[in-house]
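Enquirer: Quick note, in the numbering used here, the sequence shown goes up one by one and the last residue is 627.
One structure, pasted below without further comment.
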Amino acid sequence: MKKLQKFLAVSMAAILTFGLCACEKPAESAGSASTSEETSASASTEASVETPAPETEAEVEYLPTLLKRSYYYPDASNKFFIVKGTEVLGEYDVPEIMMYNSWFLNGDYIFFQDSYDGELADGDLNSCVYKAYNYKTGETKDLVTVQWGGFIDFYDDKIILTAANWYAGQYREYWFDPETLEEIEYTDTFWDNLPYDAIIERIPMDNTYFNAKCAERMVDETGYIKVKVEGEYYNYDGKTLNRFTEFPAEDSENQDILNYDGEHILYTCYEGGNYDDRRLVCINLNTNDRQVVSETYNTCLGTQGSVTYFTEEGEGLYGGESTTIYSYDIDKSLKQKVVTLTKKPGDGNTYYASSVTVLNGDTLYTYSALDTDLEWSLIKDGKLVPLGIDKQEFGWAKYGHIDAVSYTQLCEFCGNPIYQCYAEYPVLDASVGPKAAELNKLFEERAKTYAEEEHEADGYKSTSAEDCEDMGHGQYYGKVTFDRTIRELKTLGNYLVVNSDGYWYGGGAHGMPYMDSNLYDLTTGVQVTIKDIFPGTEEDLKRIVAEKTKEDFLSYSEDERPYAWDEDGDAVYQHAYEYISFDNFPVTYDEGKLWIEYPPYEMSSYAAGFIEVPISYEDLGITALK
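Structural data, given as structure tokens:
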């Protein structure tokens, strides 16, 4: 079976945060980054943070909740779970058709959106099919095919799908019986008076925005829905558009409304396109009072009634920032801390709370690190209550622990970061071998070298204070970031394998992911390369890898083939032959085989990620790793 192609690009919103180190400061350990619960000062009224009283079991009404890691999550399992509080109601296999979709659970059905490359009656292409999957029987039913994707809500005993038909200039709702899934026929006139170019403000009820408040819910709660027309906000009640009063001058750019009622609007905003400086603000429409809820807003986890859950950018050394989840009640103007998720070296990408936290009702679950493994936990009273499901031990846990160094170089004129690096390294237990201490010293020295390569920032250094704005300082794109994390440690024969992932960003739409796999002789403490363990010549290696790459190319059907630049097997063979050498051998060492890791852009597009080609040690004549 082919190994799944991995695209390990780190979430840009999560990694591009500011470090707190001094300019030209030596690399520091990231293992003990401190956090702060203070709220940033603001010129406007500032939301104070309160700690909620512990809940009693009688006060908690848990709802059945679907838990599944995102498909792009490292080593995500093919399972999903239905839980109710700490009670696990069932464990199920994920159907392939649902692997890459957002889900909404109601009763026995999971609703999801699937792409459809077909033709509708009006001739429009690239549509979406909404489906319902009965997780108890395994049956799937098509509900409706629409032109563009939308969102789903369960309200007034109906499943309500809101979808956009932009070419026709109109939204439309589809109603379904939640038990029979039969479509409920009705005359939908609510959208008739909405302008062609109007865009409705989707109020998310989860972190995917797939479950969002329908128009019926919002009209019942507030009397209208909010829409944007030509960049201006209006209240729409199904008949008329009423212009919304201007946002405060300091919040006039780039709003994203997260919640509203008849008296309040909760929104995010940032000035001048600086995505790193987002704040969360609530205004009272009756008094025009403006309250800054958060100066370091990060992501929305969802809204339930008047309460919105969100994360704030953490404090700490670059790469070791914690993430704190808060709730904010617009009716009570009340901000409460829910929990702080602390990032530790070796945790991988788990501190990106937006992708691993599930909100249902007023209950939160998170897939987070607990000691040496990952598992789902219920968030209760500011603590994580492990559920014991979907447990995954870290790939380094049997051999020791992981430490890290963090480095930030600041501009001498404006004080903003121009280069930041986070580099993890293994710390081996003595039981690994007699050279464990020597290897630990080597690993730490190399991590510091990664972190302190200040020349990476040369392209972003200013020669005067006037240059800083032109260089993009203070913006997410105005610096270089480099992250290296340890994915796995293992032993093959007498060798230690250190598998790492990384991501480099230097401006533009995206950065570049990378992965490497290094071998160390446990007897001598010396690093070895493919040249040391391969019995043949470099020419032999090039020929074998090229042939196996050609075989991999031909194993795909033409429609599913990830290779994009070469048209046939012979061209792929030549491409691989010219690319591979003793000095250029992108590899992951595994049991019984290795994987050639062709990086993005080498054999295909950036979106295709790494193209991985397996080659057995037997085919290579390698005996040292058996």
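Note that CB positions come from ideal geometry on N, CA and C, so glycine has one too.
Could you tell me the alpha carbon to alpha carbon distance between GLN476 and ARG488, rounded to whole angstroms?
Expert: For the purposes of this step, residue 476 is identified with residue 475 of the sequence shown, where counting begins at 1. For the purposes of this step, residue 488 is identified with residue 487 of the sequence shown, where counting begins at 1. Near 30 Å, if we compare the C-alpha coordinates of ARG488 and GLN476.
Enquirer: On the CB-based measure, 16 or more other CB atoms within 10 Å of its CB, does ASP591 come out buried or exposed?
Expert: The residue labelled residue 591 in the question sits at position 590 within the sequence shown. With 16 or more Cβ atoms within 10 Å of its Cβ, ASP591 is classed as buried.
Enquirer: Report, in whole angstroms, the separation of the C-beta atoms of LYS399 and LEU375, which I expect to be a contact under 8 Å.
Expert: Position 398 of the sequence shown, counted from the start, is the residue given in the question as residue 399. Position 374 of the sequence shown, counted from the start, is the residue given in the question as residue 375. Rounded, the Cβ-Cβ distance is 15 Å, inconsistent with contact.
Enquirer: Across which residues does DSSP place CYS422 in a beta bridge pair?
Expert: Here residue 422 is taken as the residue at index 421 of the sequence shown, counted from 1. According to DSSP, which records beta bridges pairwise, CYS422 is partnered with TYR408 and PHE483.
Enquirer: Taking Cβ to Cβ, would you say THR312 is nearer than 9 Å to THR304?
Expert: The residue given as residue 312 occupies position 311 in the sequence shown. The residue given as residue 304 occupies position 303 in the sequence shown. No, they are not a contact pair.
Enquirer: Under a three-way DSSP split, which group does LEU302 fall into?
Expert: Mapped onto the sequence shown, residue 302 falls at position 301. Here DSSP, grouped into helix, strand and coil, assigns LEU302 to strand.
Enquirer: Going by other Cβ atoms of all chains shown within 10 Å of its Cβ, with 16 needed for buried, is ALA608 buried or exposed?
Expert: In the sequence shown, residue 608 corresponds to position 607, counting from 1. ALA608 comes out exposed.
Enquirer: Checking 9 Å against the spacing of the C-beta atoms, do TYR234 and ARG244 come in under that value?
Expert: For the purposes of this step, residue 234 is identified with residue 233 of the sequence shown, where counting begins at 1. For the purposes of this step, residue 244 is identified with residue 243 of the sequence shown, where counting begins at 1. Yes, the pair counts as a contact, with Cβ atoms nearer than the cut-off.
Enquirer: What residues match up with TYR237 in a beta bridge as DSSP calls it?
Expert: Translated into the one-based positions of the sequence shown, residue 237 becomes position 236. ILE226 and LEU242.
Enquirer: Check TYR319 in the structure and name its three-state DSSP category.
Expert: Along the sequence shown, one-based indexing puts residue 319 at 318. For TYR319, the three-state secondary structure derived from DSSP is coil.
Enquirer: Nearest-angstrom Cα distance between THR450 and LEU443?
Expert: Numbered from 1 along the sequence shown, position 449 holds the residue referred to as residue 450. Numbered from 1 along the sequence shown, position 442 holds the residue referred to as residue 443. So the two alpha carbons sit approximately 11 Å from each other.
Enquirer: Tell me, please, whether the stretch 515-527 touches the stretch 578-595 by the rule of three or more beta-carbon pairs shorter than 8 Å.
Expert: yes
Enquirer: Return the first residue and the last residue of the beta strand (DSSP E) that GLN575 is part of.
Expert: To locate residue 575, count along the sequence shown from 1; it is residue 574. GLN575 -> not in any beta strand (DSSP E); alpha helix (DSSP H) instead, spanning 570-580.
Enquirer: Could you tell me whether the Cβ atoms of ALA448 and GLU425 are closer together than 9 Å?
Expert: Within the sequence shown, residue 448 is the residue found at index 447, counting from 1. Within the sequence shown, residue 425 is the residue found at index 424, counting from 1. The beta carbons of ALA448 and GLU425 sit closer together than 9 Å.
Enquirer: Buried or exposed for TYR352, please, with buried defined as at least 16 other CB atoms from any protein chain shown within 10 angstroms of its CB.
Expert: Numbered from its first residue, the sequence shown carries residue 352 at position 351. Its pLDDT being 47, under 50, TYR352 is placed unreliably in this model, and the value from its coordinates should be taken loosely. With 16 or more other Cβ atoms within 10 Å, it is buried.
Enquirer: I need the straight-line Cα distance from GLY434 to GLY396, nearest angstrom please.
Expert: As a position in the sequence shown, residue 434 is number 433, starting the count at 1. As a position in the sequence shown, residue 396 is number 395, starting the count at 1. Separation of GLY434 and GLY396 (C-alpha to C-alpha, rounded to the nearest whole angstrom) is 18 Å.
Enquirer: Buried or exposed: where does VAL386 fall if 16 or more other Cβ atoms within 10 Å of its Cβ makes it buried?
Expert: Within the sequence shown, numbered from 1, the residue matching residue 386 stands at position 385. Result: exposed.
Enquirer: ILE390: which of TYR366, LYS137 and LYS384 sits nearest, CA to CA?
Expert: Working through the sequence shown from its first residue, we reach residue 390 at position 389. Ranking TYR366, LYS137 and LYS384 by Cα distance to ILE390 puts TYR366 first.
Enquirer: For VAL357 versus ILE419, is the C-beta distance shorter than 9 Å?
Expert: What you label residue 357 is simply residue 356 of the sequence shown in a count that begins at 1. What you label residue 419 is simply residue 418 of the sequence shown in a count that begins at 1. Contact: no.
Enquirer: Just confirm the distance between the C-beta atoms of ALA405 and TYR423, as a whole number of angstroms; I'd bet it's less than 8 Å.
Expert: As a first step, residue 405 must be located in the sequence shown, where it is residue number 404. As a first step, residue 423 must be located in the sequence shown, where it is residue number 422. About 6 Å separates the CB atoms of ALA405 and TYR423; that is less than 8 Å, so the two are in contact.
Enquirer: Does the stretch 153-165 come close enough to the stretch 212-231 that 3 or more CB-CB pairs lie under 8 Å?
Expert: yes
Enquirer: Identify, in the order they occur along the chain, each residue of the same chain with its Cβ nearer than 7 Å to the Cβ of PRO249, setting aside the five sequence neighbours on each side.
Expert: Residue numbering aside, residue 249 sits at position 248 when the sequence shown is read from its first letter. Within the same chain, PRO249 has close Cβ partners ILE284 and ARG291.
Enquirer: Find out if the Cβ-Cβ distance for the pair ASP262, GLU296 is shorter than 9 Å.
Expert: The count along the sequence shown starts at 1 and reaches residue 262 at position 261. The count along the sequence shown starts at 1 and reaches residue 296 at position 295. No.
Enquirer: Should ALA510 and ALA547 be called a contact, given that it needs their Cβ atoms to be closer than 9 Å?
Expert: As a first step, residue 510 is located in the sequence shown; it is residue number 509 there, counting from the start. As a first step, residue 547 is located in the sequence shown; it is residue number 546 there, counting from the start. No, they are not a contact pair.
Enquirer: Going by the DSSP bridge assignment, what does PHE177 pair with across the sheet?
Expert: Here residue 177 is taken as the residue at index 176 of the sequence shown, counted from 1. DSSP, once it has assigned bridges, lists ILE160 and GLU184 as partnering PHE177.
Enquirer: Is it true that the stretch 175-187 meets the stretch 203-211, where meeting means three or more beta-carbon pairs spaced less than 8 Å apart?
Expert: no
Enquirer: Give the list of continuous beta strand (DSSP E) stretches no shorter than 3 residues that lie fully inside the stretch 463-521.
Expert: 481-493 and 496-506
Enquirer: Considering only their Cβ atoms, is the gap separating VAL228 from GLU47 smaller than 9 Å?
Expert: Taking the first residue of the sequence shown as position 1, residue 47 is located at position 46. Taking the first residue of the sequence shown as position 1, residue 228 is located at position 227. No.
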